[in-house]
Amino acid sequence: MPGKVDQNLHDLLEAMPDAIVMVDGDGRIALANSQAQGLFRYERAEILGRPIEYLLPERFRVNHAAHRNGFFAHPRARGMGEGLDLYGRRGDGEEFPVEISLSPVQTAAGPMVLSAIRDVTERKRVEASLLQASRLKSQFLANMSHELRTPLNGIIGFSELLVDGKAGALTDRQHSFLLDIASSGNHLLHLVNDLLDISKIEAGRMELHEEMFDLATAIEEACAVLATMVASKQLELSWALEDGLVHVRLDRQKFKQVLLNLASNAVKFTDTGGSVRVTARRVGSDLLLSVRDSGIGIAEGDRARLFVEFERLDPTNAERRPGTGLGLALTRRLVELQGGHIRVESQLGIGSEFVVTLPMREAAG
1 MPGKVDQNLH
11 DLLEAMPDAI
21 VMVDGDGRIA
31 LANSQAQGLF
41 RYERAEILGR
51 PIEYLLPERF
61 RVNHAAHRNG
71 FFAHPRARGM
81 GEGLDLYGRR
91 GDGEEFPVEI
101 SLSPVQTAAG
111 PMVLSAIRDV
121 TERKRVEASL
131 LQASRLKSQF
141 LANMSHELRT
151 PLNGIIGFSE
161 LLVDGKAGAL
171 TDRQHSFLLD
181 IASSGNHLLH
191 LVNDLLDISK
201 IEAGRMELHE
211 EMFDLATAIE
221 EACAVLATMV
231 ASKQLELSWA
241 LEDGLVHVRL
251 DRQKFKQVLL
261 NLASNAVKFT
271 DTGGSVRVTA
281 RRVGSDLLLS
291 VRDSGIGIAE
301 GDRARLFVEF
311 ERLDPTNAER
321 RPGTGLGLAL
331 TRRLVELQGG
341 HIRVESQLGI
351 GSEFVVTLPM
361 REAAG
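Heads up: the sequence shown begins at 1 in UniProt numbering, then just goes up one per residue.
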């Protein structure tokens, strides 16, 4: 037991579950508890008085000395998990990942730093296994989605041909059945496409294809897709651009996909006679896209679930407002893929506004 350290402090540190190492102002080990002895596989006498870098892999030792000096110059408590990935080195040369918390301690022998060290080998192994499982799941979904799209396109295509009378006249009942087949096929194809897109993003295989395009045309095209749905609910769907905002450089297809997802969601959750408003403006070098509706609104407690895959805020109302629970989750991922972010403001019974911020490069109009 080195004379530098008070016996009471030594006894306290011995009772702690983590490996504890105390380092003096010269960077030398003044105390190591039994847990540290077992973790690093050294006898206590082998490490007392040695530089703390003795417990690190050689490639980290030079830089660590500078970090240590910086800590003594500006001491502050640092919790577990802060900073970069860290590694320790055992007496037999084995390296292992660690988390370390640092606390400045004033002793009779002067200022020291107390290091609590935890072996996180098992946690890292589990994290790596989970990451691999997620990648395999994404790959499986991507492969299955590709396999499902081909027969689905065939079902939809042939049912539409029959509806158009290409194979002869139909009875009203046959016509109704075929419309149901085509509608169900398109619904399933939409789900498959969303799954495929999410899987691509998770697997890091979704690519961006930036191009210069006319913003007004892109918004008008997206809104036109919703014309039938808007008319059936007698809604007012309008859009506007900030003056001078003409051409932008973004991934055009993904921009339209984000807008269409948000606008169709707004239409779906706005009752008959309501309104949906799409606006776009620039803020600095960013494009702000807003979709505001006079719909049913979202409870504050539900907003955290909005962007979670397969979450339906009101599953009991699925027949009236059908959906996959993937649209907003995919929208968030597409926005973040482009370096942007999405937020929502809402009041129950009044409506919601989704605001997307995307970094952009603008061309003279």
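Each residue gets a CB set at the ideal place from its N, CA and C atoms; glycine is no exception.
In DSSP terms, what residue i is bridged to
i	result
residue 29	23
residue 102	78, 115
residue 286	283, 359
residue 87	97
residue 353	292, 345
residue 278	239, 291
residue 51	28
residue 331	DSSP lists no partner for residue 331.
Check whether residue i and residue j have beta carbons under 7 Å apart
i	j	result
residue 189	residue 141	no
residue 97	residue 121	yes
residue 14	residue 33	yes
residue 246	residue 237	no
residue 349	residue 293	no
residue 331	residue 258	yes
residue 254	residue 218	no
residue 55	residue 40	yes
residue 251	residue 196	no
residue 159	residue 136	no
residue 112	residue 248	no
residue 100	residue 86	yes
residue 274	residue 235	yes
residue 110	residue 25	yes
residue 145	residue 192	yes
residue 44	residue 37	yes
residue 78	residue 102	yes
Environment of residue i [buried if 16+ CB atoms lie within 10 Å]
i	result
residue 343	exposed
residue 69	exposed
residue 143	exposed
residue 42	buried
residue 365	Confidence at residue 365 is low in this model, with a pLDDT of 45, below 50, so its placement is unreliable and no value can be given for it.
residue 63	exposed
residue 232	exposed
residue 20	buried
residue 166	exposed
residue 106	exposed
residue 347	exposed
residue 23	buried
residue 272	exposed
residue 228	exposed
residue 327	buried
residue 157	exposed
residue 308	exposed
residue 7	exposed
residue 17	exposed
residue 340	buried
residue 194	buried
Residue i beta carbon near the ligand ATP (any heavy atom closer than 6 Å)
i	result
residue 117	With respect to the ligand ATP, the structure shown offers nothing to examine, as it has no ligands at all.
Short CB-CB distance (under 7 Å) between residue i and chain B
i	result
residue 281	The displayed structure is made up of one protein chain only, and chain B is not part of it.
Discussion item. Check whether the segment 348-359 and the segment 284-291 touch, using three or more Cβ-Cβ pairs below 8 Å as the test.
Written reply: By the criterion of at least three beta-carbon pairs nearer than 8 Å, the segment 348-359 is in contact with the segment 284-291.
Worksheet item: Three or more beta-carbon pairs under 8 Å between the segment 153-173 and the segment 212-223, yes or no?
Response: No, the segment 153-173 is not in contact with the segment 212-223.
Item to complete: Just list the alpha helix (DSSP H) runs in the segment 205-276, keeping only unbroken ones of 4 residues or longer that don't cross its boundaries, in chain order.
Response: Correct list: 215-225, 227-232, 252-268.
Fill in: contact_flag[the segment 43-50, the segment 128-135] where n(CB pairs < 8 Å) is 3 or more
As far as the Cβ criterion goes, the segment 43-50 does not touch the segment 128-135, which means the pair count is below three.
Discussion item. Any contact between the segment 240-256 and the segment 268-280? By contact I mean 3 or more CB pairs, one from each, below 8 Å.
Written reply: With the cut-off at 8 Å, the segment 240-256 and the segment 268-280 touch.
Discussion item. Under 8 Å, with one C-beta from each stretch per pair, do the segment 218-233 and the segment 194-210 reach the 3-pair mark?
Written reply: Short answer: they don't touch.
Worksheet item: Touch check for the segment 295-304 and the segment 256-264: three-plus C-beta pairs under 8 Å?
Response: They do not touch, by the three-pair rule.
Practice prompt. Kindly provide the ranges of any alpha helix (DSSP H) runs that are 4 or more residues long and lie completely inside the segment 110-191, ordered along the chain.
Written response: Correct list: 121-163.
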